[in-house]
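Peer 1: Mind looking over this structure? Questions follow.
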Amino acid sequence: MSLDTAPSRTVTAVRRRERRQRSWRRLFVGTAALAAALAVWEVAAYAVHDAVTLPTVQETVRQLVHYLAAPYPQVQGKTLVTDALISTGRILAGFALGTVTGLVLGAAMAGVRVIRELADPIVGVMRPLPPIAFIPLLVVWFGIGEASKIALIFFGVLPVVTIATLGALDAVPDEFTHASRSLGASSFHTMLHVRLRAAVPGVVTGMRIAMGGAWTSIVAAEMIAATGGVGFLILQAGNYLQTPLIFSGIAVIAVLGFTFDGLLRLLLRAVDPTARR
Amino acid sequence: MTERSAQVVEEPVADKPAAVRLRDVGKTFRKRRRETTALEGVSLDIAAGEFLCLVGPSGCGKSTLLSILAGFTEADTGEVLVDGRPVTGPGPDRGVLFQTPTLFPWLTTRQNVLYGPRARRALTPDVREEAAELLETVGLAEFADAYPHELSGGMRHRAAFARVLINHPRVLLMDEPFGALDAITRAGMQRFLLELWQRRRTTIVFVTHDVEEATLLGDRVSVLSGRPGRTKAVVDIDLPRPRTYDDTETLAFVTAKRRIREVLER
Numbered sequence: 019m020s021l022d023t024a025p026s027r028t029v030t031a032v033r034r035r036e037r038r039q040r041s042w043r044r045l046f047v048g049t050a051a052l053a054a055a056l057a058v059w060e061v062a063a064y065a066v067h068d069a070v071t072l073p074t075v076q077e078t079v080r081q082l083v084h085y086l087a088a089p090y091p092q093v094q095g096k097t098l099v100t101d102a103l104i105s106t107g108r109i110l111a112g113f114a115l116g117t118v119t120g121l122v123l124g125a126a127m128a129g130v131r132v133i134r135e136l137a138d139p140i141v142g143v144m145r146p147l148p149p150i151a152f153i154p155l156l157v158v159w160f161g162i163g164e165a166s167k168i169a170l171i172f173f174g175v176l177p178v179v180t181i182a183t184l185g186a187l188d189a190v191p192d193e194f195t196h197a198s199r200s201l202g203a204s205s206f207h208t209m210l211h212v213r214l215r216a217a218v219p220g221v222v223t224g225m226r227i228a229m230g231g232a233w234t235s236i237v238a239a240e241m242i243a244a245t246g247g248v249g250f251l252i253l254q255a256g257n258y259l260q261t262p263l264i265f266s267g268i269a270v271i272a273v274l275g276f277t278f279d280g281l282l283r284l285l286l287r288a289v290d291p292t293a294r295r
Numbered sequence: 490m491t492e493r494s495a496q497v498v499e500e501p502v503a504d505k506p507a508a509v510r511l512r513d514v515g516k517t518f519r520k521r522r523r524e525t526t527a528l529e530g531v532s533l534d535i536a537a538g539e540f541l542c543l544v545g546p547s548g549c550g551k552s553t554l555l556s557i558l559a560g561f562t563e564a565d566t567g568e569v570l571v572d573g574r575p576v577t578g579p580g581p582d583r584g585v586l587f588q589t590p591t592l593f594p595w596l597t598t599r600q601n602v603l604y605g606p607r608a609r610r611a612l613t614p615d616v617r618e619e620a621a622e623l624l625e626t627v628g629l630a631e632f633a634d635a636y637p638h639e640l641s642g643g644m645r646h647r648a649a650f651a652r653v654l655i656n657h658p659r660v661l662l663m664d665e666p667f668g669a670l671d672a673i674t675r676a677g678m679q680r681f682l683l684e685l686w687q688r689r690r691t692t693i694v695f696v697t698h699d700v701e702e703a704t705l706l707g708d709r710v711s712v713l714s715g716r717p718g719r720t721k722a723v724v725d726i727d728l729p730r731p732r733t734y735d736d737t738e739t740l741a742f743v744t745a746k747r748r749i750r751e752v753l754e755r
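So this is what it looks like as structure tokens:
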């Protein structure tokens with residue numbers, strides 16, 4: 019009966035083990051590449067021999083560890099951890115609001131023709147605009163508090179997630195809905211378990227892109243008008259030529275950005291079996 | 490057997506093949522003020538348990554006809570009856586196999602097979618057991634927990650079969666299901682389908698543009714004309730059953746094939 023190469027459970031098991039070995043290899047090579055980059059930095063720092071232009075790796079790490087718990091600037095300053103939490107909080111709030119609104123708007127555009135025709139040009143005009151351009155306006159409207167930051171992230175995330183949702187829903191092949199209906203599912207069940215479900219990987223991919231943009235916007239906003247956050251800290255450190263602290267702030271952003279992208283990647287793997295490789 | 494006793498032993502209707510009846514079916518598509526008549530006055534009777542193949546040049550409306558039978562498309566004119574009841578929409582009594590397997594990529598093979606029963610809230614331990622048996626039948630027992638992208642092309646098609654068969658369809662509608670497969674896998678799938686039909690005797694409507702495939706599989710072959718699609722002729726294939734791929738080399742087979750080709754080119 020079997021037409022293809024004699025299949026067995028072990029084939030899948032072997033394939034999965036190979037995949038695991040590959041991912042360990044990738045992790046090892048990736049770590050080695052990062053270590054090499056740090057080594058280049060270190061050599062360059064010794065060559066430059068000026069802590070303001072380029073501090074050594076160990077000096078940067080020392081300052082990073084110190085300011086994790088110590089406030090900067092000393093008067094009215096915040097610790098790195100606090101600043102990181104402030105930035106993260108703004109991102110999460112704006113991202114959550116933007117994603118939910120984008121999902122609803124994208125789904126409405128995919129489902130209702132009038133809404134698509136109305137929203138299409140607006141989203142089309144909004145999308146290529148850099149969210150940073152809105153910072154002064156948002157400050158005028160919402161002040162320099164949390165609301166303007168969250169609004170900025172929101173307006174950055176919204177068009178990206180909307181377009182991703184719309185695109186993902188449009189891309190669901192008719193055959194999927196036809197198959198579902200002819201297998202006996204109601205149209206409501208099909209909408210929920212096939213059309214929306216099939217669009218989820220595309221939506222999560224859109225969320226990943228939006229998250230990258232969110233970090234760009236928030237750091238810019240914190241540099242222009244804020245009293246806290248990693249961007250604010252970096253700007254302060256720059257004003258006082260505290261180069262190791264600039265690097266520390268950048269490192270914190272790198273770690274946070276990587277973490278959030280990693281979480282979204284995990285989410286993608288959970289919802290899309292074809293992404294598990 | 491008298492009529493009376495026949496009634497007594499009658500099996501539940503759900504498992505019996507259904508007869509299909511098309512009367513003057515027509516369909517016109519309108520797109521940007523341009524009208525395309527896909528089908529015009531197609532009439533066809535398919536007996537319960539019959540294997541009917543539909544052939545015709547591309548764009549002749551074969552797929553539209555199948556889509557009407559499945560209930561995805563509504564005919565503009567005419568009558569479409571499955572076991573005497575008019576078709577009003579898609580349903581599990583008519584199992585559809587598409588050109589591509591269209592397995593849901595986020596479900597494992599087993600979950601795909603159980604999709605129909607689950608969606609109809611008919612998932613019982615018995616159905617689960619039947620799914621396991623079906624996976625065994627289609628040679629995918631070892632791959633029950635694999636995802637579609639981990640299966641080969643032929644395996645995906647067999648999984649799609651299992652997903653449809655668990656609903657006990659009374660008619661199978663197949664739209665060039667093996668068209669995208671390589672020659673060897675395709676021959677294997679044809680053998681698989683013949684064995685399956687030999688055992689279950691479900692009514693099958695099989696759309697193809699491959700004359701050899703139609704001759705090998707069908708009891709009768711209905712030849713459609715180019716756009717707009719009309720029935721040109723229905724050719725009986727009197728080759729003995731059960732058939733195998735070896736039959737394609739016999740003289741009777743080649744003769745039958747030529748008859749269809751002649752009608753097509755007429």
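Protein sequences appear in the order of chains A and B. With the first sequence counted from 1, adding 18 to any position gets you my numbering. With the second sequence counted from 1, adding 489 to any position gets you my numbering. Just so you know, even glycine gets a beta-carbon here, dropped at the ideal spot from N, CA and C.
#1: Can you check which of these residues, B/GLY530, B/TYR604, B/ALA508 and B/VAL571, is closest to A/HIS207 by C-alpha distance?
#2: Confirm, please, whether the CB-CB distance from A/ILE153 to A/GLY247 is below 7 Å.
#3: Is the CB of A/SER41 under 7 Å away from at least one CB in chain B?
#4: Using 10 angstroms around the beta-carbon of A/TYR90, count the other beta-carbons present and answer buried if the total reaches 16, otherwise exposed.
#5: Apply the 10 Å Cβ neighbour rule to B/LYS746 and answer buried if 16 or more other Cβ atoms are within range, or exposed otherwise.
#6: B/SER532 lies in the beta strand (DSSP E); which residues open and close that run?
#7: If we require 3 or more residues per run, which beta strand (DSSP E) segments fall completely within the stretch 620-689 of chain B?
#8: Cα separation between B/ARG650 and A/ARG40?
#9: Of all the CB atoms in chain B, is at least one closer than 7 Å to the CB of A/ALA197?
#10: Using the rule of at least 16 other Cβ atoms within 10 Å of the residue's Cβ for burial, across every protein chain shown, is B/PRO581 buried or exposed?
#11: Am I right that A/VAL175 and A/THR195 are in contact with their C-beta atoms under 8 Å? What's the rounded C-beta distance?
#12: Could you check the C-alpha separation between B/ALA507 and B/VAL660 for me, to the nearest Å?
#13: What span of residues does the alpha helix (DSSP H) with A/VAL75 cover, start to end?
#14: With 16 as the cutoff for other CB atoms within 10 Å, does A/VAL130 come out buried or exposed?
#15: So the candidates are B/ASP727, B/ASP699 and B/VAL569; which of them puts its Cα closest to the Cα of B/ASP708?
#16: I'd like the span of the alpha helix (DSSP H) that includes B/ALA722, first residue to last.
#17: Would you please state the rounded distance, in angstroms, between the beta carbons of B/ARG583 and B/LEU662? I believe it to be under 8 Å.
#18: Please list the terminal residues of the continuous beta strand (DSSP E) segment that includes B/GLY584.
#19: Mind listing, in chain order, the continuous alpha helix (DSSP H) runs of no fewer than 4 residues lying wholly within the stretch 215-290 of chain A?
#20: Which whole runs of the alpha helix (DSSP H) in the stretch 531-565 of chain B are 4 residues long or more, in chain order?
#21: Please classify B/ALA507: does DSSP put it in a helix, a strand, or coil?
#22: Does B/TYR604 come within less than 7 Å of chain A when only Cβ atoms are used?
#23: If you reduce the DSSP assignment to three classes, tell me which class A/GLY307 lands in.
#24: Would you verify that the beta carbon of B/TYR734 is, or is not, closer than 7 Å to some beta carbon of chain A?
#25: Could you tell me which of A/MET225, A/ILE268, A/THR261 and A/GLY256 sits nearest to A/LEU110, measuring between CA atoms?
#26: Is the beta carbon of B/VAL509 sitting closer than 7 Å to the one on B/ILE535?
#27: Taking the beta strand (DSSP E) that B/LEU713 belongs to, which residues open and close that run?
#28: Going straight from the alpha carbon of B/GLY548 to that of B/LYS520, what length do you get?
#29: Does A/THR78 get closer than 7 Å to chain B when you measure Cβ to Cβ?
#30: Starting from B/ILE693, follow its DSSP beta bridges and name the residues at the other end.
#31: Take every Cβ of the stretch 678-687 of chain B, pair it with every Cβ of the stretch 616-625 of chain B, and state whether three or more of those distances are shorter than 8 Å.
#32: Taking 7 Å as the CB-CB cut-off, is A/GLU193 touching chain B?
#33: Identify whether B/PRO742 lies in helix, strand or coil by the three-state DSSP scheme.
#34: Under 8 Å by Cβ, that's how I've got B/LEU554 and B/GLY718 pegged, so tell me the actual separation to the nearest angstrom.
#35: With C-beta atoms as the reference, is A/LEU115 less than 7 Å away from A/LEU98?
#36: Short of 9 Å Cβ to Cβ, which residues in the stretch 251-276 of chain A face chain B?
Peer 2: Taking the geometry as given:
#1: Nearest of B/GLY530, B/TYR604, B/ALA508 and B/VAL571 to A/HIS207, Cα basis: B/TYR604.
#2: With contacts defined as CB atoms closer than 7 Å, A/GLY247 and A/ILE153 fail to qualify as a contacting pair.
#3: So, not an interface residue.
#4: By the Cβ neighbour-count rule, A/TYR90 is buried, with 16 or more other Cβ atoms within 10 Å of its own.
#5: Per the 10 Å Cβ criterion, buried.
#6: Segment 523-535, the beta strand (DSSP E) holding B/SER532.
#7: Counting whole runs of 3 or more residues, the stretch 620-689 of chain B contains the beta strand (DSSP E) stretches 660-664.
#8: For clarity, residue 650 of chain B is Phe in the given sequence; the question names Arg instead. Whole-angstrom Cα-Cα distance: 34 Å.
#9: Chain B, which has a Cβ nearer than 7 Å to the Cβ of A/ALA197, makes this yes.
#10: Counting Cβ neighbours within 10 Å, B/PRO581 comes out buried, since at least 16 surround it.
#11: Between the beta-carbon of A/VAL175 and that of A/THR195 there is about 29 Å, and that puts the pair past the 8 Å contact cut.
#12: Taking the straight line from one Cα to the other gives about 6 Å.
#13: Unbroken alpha helix (DSSP H) run through A/VAL75: 75-87.
#14: Residue environment: A/VAL130 is assigned as exposed (fewer than 16 neighbouring CB atoms within 10 Å of its CB, all protein chains considered).
#15: Nearest of B/ASP727, B/ASP699 and B/VAL569 to B/ASP708, Cα basis: B/ASP727.
#16: Note, B/ALA722: premise wrong, no alpha helix (DSSP H); beta strand (DSSP E) at 720-725.
#17: That pair is a contact at about 6 Å.
#18: If you look at B/GLY584, you'll find it in the beta strand (DSSP E) that goes 583-586.
#19: Within the stretch 215-290 of chain A, the complete alpha helix (DSSP H) runs of at least 4 residues are 215-242, 248-257 and 261-289.
#20: Taken in chain order, the complete alpha helix (DSSP H) segments of 4 or more residues contained in the stretch 531-565 of chain B are 551-559.
#21: Secondary structure at B/ALA507: coil, using DSSP grouped into helix, strand and coil.
#22: At least one chain A Cβ lies under 7 Å of B/TYR604.
#23: A question about residue 307 of chain A goes unanswered here, because the residues of chain A that appear run from 19 up to 295.
#24: It does not: the Cβ of B/TYR734 has no partner Cβ on chain A nearer than 7 Å.
#25: It is A/MET225 whose Cα lies nearest to the Cα of A/LEU110.
#26: Yes, the Cβ-Cβ distance between B/VAL509 and B/ILE535 is below 7 Å.
#27: If you look at B/LEU713, you'll find it in the beta strand (DSSP E) that goes 709-713.
#28: Approximately 16 Å, taken between the alpha carbons.
#29: At a cut-off of 7 Å between C-beta atoms, A/THR78 does not count as an interface residue with respect to chain B.
#30: For B/ILE693, the beta-bridge partners assigned by DSSP are B/PHE540 and B/LEU661.
#31: Contact fails: fewer than three Cβ-Cβ distances are below 8 Å.
#32: Cβ-Cβ to chain B under 7 Å: yes for A/GLU193.
#33: It should be pointed out that residue 742 of chain B corresponds to Phe in this sequence rather than to Pro. The DSSP-derived three-state label of B/PHE742 is helix.
#34: Yes, they are in contact, since the Cβ atoms of B/LEU554 and B/GLY718 sit about 7 Å apart, within 8 Å.
#35: By the CB criterion at 7 Å, A/LEU115 and A/LEU98 fall outside the cutoff.
#36: If the cut-off is 9 Å between Cβ atoms, the stretch 251-276 of chain A has nothing near chain B.
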